[in-house]
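Student: Here you go, one structure.
Number of protein chains: 2
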Amino acid sequence: MGIAERKIRQKEEFRASILEAAWQQVISDGWQSLSIRKIADAIEYSIPVIYNHFENKEAILLEFTKEGFQKLADTLQLVKDQYTVPAEQLEAMAHAYWDFAFDHKEYYQLMFGLGIPACDRVNEIEELKYATSIMISTIKAAIEESNHPETDYFLKYHTYLSILHGLVSIQMIQKEGKPDASKKMILQDAVSGFIISINRSNC
Amino acid sequence: MGIAERKIRQKEEFRASILEAAWQQVISDGWQSLSIRKIADAIEYSIPVIYNHFENKEAILLEFTKEGFQKLADTLQLVKDQYTVPAEQLEAMAHAYWDFAFDHKEYYQLMFGLGIPACDRVNEIEELKYATSIMISTIKAAIEESNHPETDYFLKYHTYLSILHGLVSIQMIQKEGKPDASKKMILQDAVSGFIISINRSNC
DNA sequence: TACTTTTGTTAACGGTGTTAATAAAATTAT
DNA sequence: ATAATTTTATTAACACCGTTAACAAAAGTA
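Right under this line is the structure:
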């Protein structure tokens, strides 16, 4: 009997239409302001019907998170396949990663739980500038002592901060509580590499 | 007349008590679940009284963000002053940064808008493992071709991902929209350094 | 004591996720 | 075709949320 099949198909379509409506919401107003009610409104059904297809709001967002990682993985694989030397692959994948993040901002923010606070105002925090200046002055000093005193210190500052923040936030996403001391090796590794990149001559 | 002074002092104290109650909420349940109503309840006043001291909820969180950056800056300065060689300062500051982040998790998450999704479940996403495996296999290959084939590939993978995520998320926090192409130099710089750190011999 | 300003309250508006009770439709069994 | 059953969808509510208008109470000033 084809009735069962049709029912499954309809259920599938319904589910897809929920995700479609939800995604429209996400890309137009960000995932923070996604609401079950707006989805219900968009698909022209009552609210509880959504709970027949998704356990809760988080489950809907999880769907997009998965989609995002799938897309990222596909992108990386595609780019990787265009090169044969591993070092070249790593470089190309890095650029692909960057492009993915900004071409699919909503996915990326969802995938890594970026709350994105007052994005515009964050640069106006005086205390942030203070912290920044401490790091920048040190970078400057390190560059002056190096073999390449003409190096762009602002670029290096950005790199330094990005490495630190990346290490911390990846760690925070993956584990609760303070990570064991062994995880600091990652930090040590990354920072050593960074410092060497400032100091190195053309060896 | 000392009345004005006392009033100012009382207002100050009231403001502080709001922040105190708010902070208790933040450290016990995370900044996501901070609510004006709970603060009002904690200080045993009605809700609107809070709006006499803070424009809105965001203003309260902004206060903690500032506090966080101030604390971070102080910590960095303190650590920096214990060394004289810039390279050593950078290394020590990196470790201090890491420690600060995990010793003051609530501050850090607020400062950098970390939404922290289903922290536990993120590792169970199959699509994430797929993306991970692509990167890891490349890192492995790069290490095998290098002068140090005994290098810990998992450590290097973590470093690689952290660098990428750090670059992206710092960029996303600071600016809306896709960053101009020049920002990719930071990426290029960091990735080059990383690849060199894999390939380098003991020069 | 009367007036004015500050401070605090109640009650509401519009929004959120979620769920119990119930009605309607569709399917199955008689 | 009718009755019983299962599936599906709706209404209405609960318990929250940030924010604000209208109003009462207290404190300070004249």
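Going line by line, the protein sequences match chains X and F. The numbering of the first sequence is our numbering, which starts it at 172 and goes up by one. The numbering of the second sequence is our numbering, which starts it at 172 and goes up by one. C-beta: ideal position from N, C-alpha, C; glycine also.
(1) The alpha helix (DSSP H) spanning E321(X) covers which residue range?
(2) Using a beta-carbon distance below 8 Å, is G284(X) in contact with chain F?
(3) For D360(X) and I179(X), what's the separation of their Cα atoms in angstroms?
(4) Find the residues of chain X that neighbour L247(F), judging by a C-beta separation of less than 9 Å, and give them in chain order.
(5) Would you mind telling me which residues of chain F sit closer than 8 Å to W269(X), beta carbon to beta carbon, in chain order?
(6) Does the count of Cβ pairs from the region 194 to 208 of chain X and the region 216 to 235 of chain X closer than 8 Å reach three?
(7) Roughly how many angstroms separate the alpha carbons of T303(X) and A244(F), rounded to a whole number?
(8) Determine which residues share a DSSP beta bridge with L285(F) and list them.
(9) Go ahead and pull the three-state DSSP assignment for H275(F).
(10) Grouping DSSP H, G and I as helix and E and B as strand, with all else coil, what is F185(F)?
(11) Among the candidates R371(X), D252(X), A258(X), whose CA atom is the shortest distance from the CA of E321(X)?
(12) Kindly list, in the order they appear in chain X, the residues whose Cβ is closer than 9 Å to that of H266(F).
(13) Kindly confirm or deny that the region 244 to 262 of chain X and the region 249 to 257 of chain F touch, where touching means at least three C-beta pairs closer than 8 Å.
(14) Taking buried to mean at least 16 other C-beta atoms within 10 Å of its own C-beta, is F325(F) buried or exposed?
(15) Give a yes or no on whether the minimum CB-CB distance between Y278(F) and chain X is below 8 Å.
(16) Just to confirm my understanding: we take I287(F), look at its own chain, exclude 5 residues before and 5 after, and list those with CB closer than 7 Å. What are they?
(17) Look up Q359(F) in the DSSP assignment and say whether it is helix, strand or coil.
(18) Looking at the unbroken alpha helix (DSSP H) that takes in I210(X), where does it start and where does it end?
(19) Looking only at its own chain, which residues have a Cβ that is under 8 Å from the Cβ of F283(X), when we skip the five neighbours before and after it?
(20) Under DSSP, the alpha helix (DSSP H) around F129(F) begins and ends at which residues?
(21) By alpha-carbon positions, which one of S317(F), L332(F), K237(F), L285(F) ends up nearest to I305(F)?
(22) Quick check on the DSSP output: the alpha helix (DSSP H) that includes S304(F) runs from which residue to which?
(23) Identify whether E347(X) lies in helix, strand or coil by the three-state DSSP scheme.
(24) For F271(F), collect the residues of the same chain with a Cβ closer than 6 Å to its Cβ; drop the 5 residues on either side in sequence, then sort them by chain order.
(25) Keeping to the same chain, check which residues put their C-beta closer than 7 Å to that of I357(X); ignore five residues upstream and five downstream.
Tutor: Taking the structure as given:
(1) The residue given as residue 321(X) occupies position 150 in the first sequence. Bounds of any alpha helix (DSSP H) do not take in E321(X), whose DSSP letter is neither H nor E.
(2) Locating residue 284(X) in the first sequence gives position 113, counting from the first residue. Judged by the 8 Å Cβ criterion, G284(X) is in contact with chain F.
(3) Position 189 of the first sequence holds residue 360(X). Position 8 of the first sequence holds residue 179(X). Cα to Cα, the separation comes out at about 52 Å.
(4) Within the second sequence, the letter at position 76 stands for residue 247(F). Near L247(F) (Cβ distances below 9 Å), the residues of chain X are A302, I305, M306, T309.
(5) One-based indexing of the first sequence puts residue 269(X) at position 98. Result: L335, L338, V339, K355, L358.
(6) A contact exists between the region 194 to 208 of chain X and the region 216 to 235 of chain X.
(7) The residue given as residue 303(X) occupies position 132 in the first sequence. The residue given as residue 244(F) occupies position 73 in the second sequence. Approximately 8 Å between the Cα atoms of the pair.
(8) For the purposes of this step, residue 285(F) is taken as the residue at position 114 of the second sequence. Per DSSP, L285(X).
(9) Indexing the second sequence from 1 puts residue 275(F) at position 104. Coil at H275(F), not helix or strand.
(10) As a position in the second sequence, residue 185(F) is number 14, starting the count at 1. Three-state DSSP puts F185(F) in a helix.
(11) The sequence position of residue 321(X) within the first sequence is 150, counting from 1. Closest by alpha carbon: R371(X).
(12) Reading the second sequence from its first residue, position 95 is the one you call residue 266(F). Result: K355, L358, Q359, V362.
(13) Verdict: no, contact absent.
(14) Counting from 1 along the second sequence, the entry for residue 325(F) is found at position 154. Classification for F325(F): exposed.
(15) Position 107 of the second sequence holds residue 278(F). At a cut-off of 8 Å between C-beta atoms, Y278(F) does not count as an interface residue with respect to chain X.
(16) On the second sequence, position 116 is the one that residue 287(F) refers to. Excluding positions up to five away in sequence, the list reads Q280.
(17) Taking the first residue of the second sequence as position 1, residue 359(F) is located at position 188. Residue state, collapsed to three classes: helix.
(18) For the purposes of this step, residue 210(X) is identified with residue 39 of the first sequence, where counting begins at 1. I210(X) -> alpha helix (DSSP H) spans 207 to 214.
(19) The residue labelled residue 283(X) in the question sits at position 112 within the first sequence. Result list for F283(X): S340, I344, in chain order.
(20) This structure gives no information on residue 129(F), because the portion of chain F shown stretches from 172 to 374.
(21) In the second sequence, the residue the question calls residue 305(F) occupies position 134. The residue with the shortest Cα to Cα distance from I305(F) is L332(F).
(22) The count along the second sequence starts at 1 and reaches residue 304(F) at position 133. First-last of the alpha helix (DSSP H) with S304(F): 297 to 316.
(23) Mapped onto the first sequence, residue 347(X) falls at position 176. Three-state result, E347(X): coil.
(24) Here residue 271(F) refers to the residue found at position 100 of the second sequence. Contacts found: L243, T246.
(25) Within the first sequence, the letter at position 186 stands for residue 357(X). The residues are L338.
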